[in-house]
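Numbering (the working numbering), first residue to last: 251 to 666.
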Amino acid sequence: MDILVVGGGGRESAIVASLKKNPSVGRVWCAPGNGGIVDSVPINVMDFDGLTAFAKEKQVGFVVVGPDDPLAAGLVDRLEEAGFPCFGPDAKAAVIEASKAFSKALMKEYGIPTASYEVFSDVKEALGYIERCRLPIVIKADGLALGKGVVIAYTRTEACRAVTEAMVGMKFGKSGEKLVIEEFLTGPEVSVLSFTDGNVVVPMVSSMDHKRAYDGDEGPNTGGMGAVAPNPFYTDEVAAQCMERIFLPTIRAMKAIGRPFKGCLYFGLMLTPLGPKVIEYNCRFGDPEAEVVLPLLESDLLTIMRHVHDGTLSDGDVRFRKDSACCVVLASGGYPLAYKKGKRITIGTADAAIFHAGTALESDVLVTNGGRVLDVVATAPTLREAVDKAYKATHAITFEGMYMRNDIGRRALSGE
Ligand code: AMP
Ligand code: GLY
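As structure tokens, this is what we get:
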């Protein structure tokens with residue numbers, strides 16, 4: 251059977267690699283893909299007509315939608331209508347990521363632990379609230395903003411600037427017309443991706459993202475500069491609490507309000523002194539979390555995805571190897587701000603998987619084509635070994651302006 255994967259980043263490279271482990275899988279097309287995915291086809295993720303026509307032309311048997319934008323805009327609804335079974339939520343369930351005002355209201359109504367918050371659509375009211383709120387304070391654009399719509403303000407001046415930039419300056423376009431302003435929480439962060447068919451939820455191995463651009467968690471937020479799995483702060487006891495207070499209540503709540511969620515539901519958690527709380531939900535695999543979680547998956551990804559689609563996940567087999575994984579992102583100098591594209595990439599031999607993200611082939615030459623360029627992913631029996639192996643493998647790669655963090659896994663290792 252041939253499959254279509256929609257997206258073209260490191261996450262989709264990891265999904266393609268996992269799907270290909272199943273011997274019954276034929277071609278895995280990827281739209282738009284990148285310079286490292288063999289069967290990349292140049293169709294934009296928001297070109298629903300083009301994607302549907304391509305799925306028909308190639309008679310694909312299954313579609314996996316990677317990124318949030320097409321999920322939120324209803325690509326799964328569209329493809330399912332055309333008769334293609336998909337992995338991913340429909341638009342009505344994807345709203346759990348696409349609107350923070352929605353997800354916060356859901357959590358409030360169903361008693362799911364999260365930061366206390368207010369929602370504002372009026373700039374004067376938002377600024378009035380900033381005058382009296384406790385600091386630091388967290389300001390979030392309601393809609394999708396490529397992981398960059400969150401500002402942690404330590405002073406009222408910073409907070410006012412963030413509100414004004416979003417609501418008046420329209421820094422995040424329509425996504426920032428409404429803001430969620432919430433309490434600042436502290437504690438280690440954990441990403442838990444889960445498979446859910448709308449009834450049953452099966453968490454994957456936990457992971458830890460590294461969102462800031464520079465070492466020591468300094469600098470601007472990025473899409474993620476690296477990840478490790480498992481996350482040592484996520485003990486069995488914490489996992490049990492999360493299942494009871496967060497995962498099951500969320501799945502039940504979505505079903506109860508007529509938005510059953512099928513696909514990968516990502517729980518962004520903070521382990522606060524008062525217990526685990528939800529920082530955010532994503533309606534898809536995390537990037538770079540997928541790059542460390544999927545290589546540890548022992549069971550067959552396509553079989554699991556089909557169970558999710560068919561609503562039979564309780565019959566599924568979801569097992570992970572007991573190893574650890576580390577992903578180091580190689581980025582273009584300047585990312586997440588301005589950076590150059592089109593730099594020639596050389597890759598030597600490396601004892602690690604290299605997932606392509608922002609790469610392209612120009613007349614058969616591999617060049618940079620995005621902020622996050624390549625993901626170097628190593629697995630090993632211990633996290634220490636996985637981290638060392640991944641960093642060693644980065645030496646095999648060069649391109650002008652190549653930038654990476656040098657401390658991926660450090661916090662996890664100190665917490666072990
Ligand atoms: P988000 O896009 O909602 O995941 O937020 C991006 C990052 O901002 C998170 O990974 C956290 O590090 C941080 N963050 C978000 N919300 C809060 C909060 N309420 N308290 C402290 N940090 C937060
Ligand atoms: N790594 C965070 C995300 O995928 O949103």
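Heads up, the beta-carbon is just placed ideally off N, CA and C, and yes, glycines get one too.
Determine whether the beta carbon atoms of residue i and residue j lie at a separation below 8 angstroms.
| i | j | result |
| --- | --- | --- |
| I348 | M504 | In the sequence as displayed, the identity of residue 348 is Ala instead of Ile. Cβ atoms of A348 and M504: not closer than 8 angstroms. |
| G311 | M357 | no |
| A674 | V626 | Residue 674 lies beyond the range of the chain shown here (251 to 666); nothing can be said about it. |
| L668 | A575 | Nothing in the structure corresponds to residue 668, since the chain is present only between 251 and 666. |
| G316 | V256 | yes |
| V430 | L519 | no |
| P526 | V488 | yes |
| P453 | S444 | yes |
| V434 | V401 | Val is not the amino acid found at residue 434; the sequence shown has Phe there. Not closer than 8 angstroms, so no. |
| V579 | G513 | no |
| Y531 | S371 | no |
| K593 | V558 | no |
| L521 | V623 | no |
| G665 | L633 | no |
| V542 | C492 | no |
| P282 | G258 | yes |
| I293 | V266 | no |
| F517 | I496 | yes |
| L329 | T302 | yes |
| D327 | A305 | no |
| D299 | G466 | no |
| D537 | T629 | no |
Opposite residue i in the DSSP bridges: which residues?
| i | result |
| --- | --- |
| I496 | DSSP, once it has assigned bridges, lists no residue as partnering I496. |
| A391 | L429 |
| M520 | E439 and K527 |
| Y585 | Y585 is not bridged to any residue. |
| M652 | S582 |
| R556 | Answer by DSSP bridge pairing: none, since R556 is not bridged. |
| R594 | V617 |
| C533 | Beta-bridge pairing links C533 to no other residue. |
| I670 | Outside the shown range of the chain (251 to 666) lies residue 670, about which nothing can therefore be said. |
| H606 | L624 |
| P282 | G257 |
| A403 | I387 |
| T446 | V451 and G513 |
| A636 | BP columns for A636 are empty, so no partner. |
If I'm right that residue i touches residue j with Cβ under 8 angstroms, what's the distance once you round it to whole angstroms?
| i | j | result |
| --- | --- | --- |
| T446 | L515 | 5 angstroms |
| D392 | K350 | 5 angstroms |
| I253 | V314 | 7 angstroms |
| P339 | L325 | 10 angstroms between Cβ atoms; not a contact. |
| A646 | I597 | 6 angstroms |
task: Quick one: which unbroken beta strand (DSSP E) runs of 3-plus residues sit fully inside the region 305-384? Chain order, please.
output: 312-315 and 367-370
message: Could you check whether the region 275-282 touches the region 625-641, counting it as contact only if at least three pairs of C-beta atoms, one from each stretch, sit closer than 8 angstroms?
response: no
- prompt: Quick one: any contact between the region 477-490 and the region 446-460, if contact means 3 or more CB pairs under 8 angstroms?
  reply: yes
query: Is the number of C-beta pairs between the region 364-378 and the region 568-588 that are closer than 8 angstroms three or more?
result: no
query: What residue ranges within the region 454-516 form continuous alpha helix (DSSP H) runs of no fewer than 4 residues, ordered along the chain?
result: 486-492 and 498-506
message: Closer than 8 angstroms is the cut-off here; do at least three beta carbon pairs connect the region 549-569 with the region 600-616?
response: no
message: I'd like to know if the region 412-432 and the region 369-389 are in contact, where contact means that at least 3 CB-CB pairs between them fall below 8 angstroms.
response: yes
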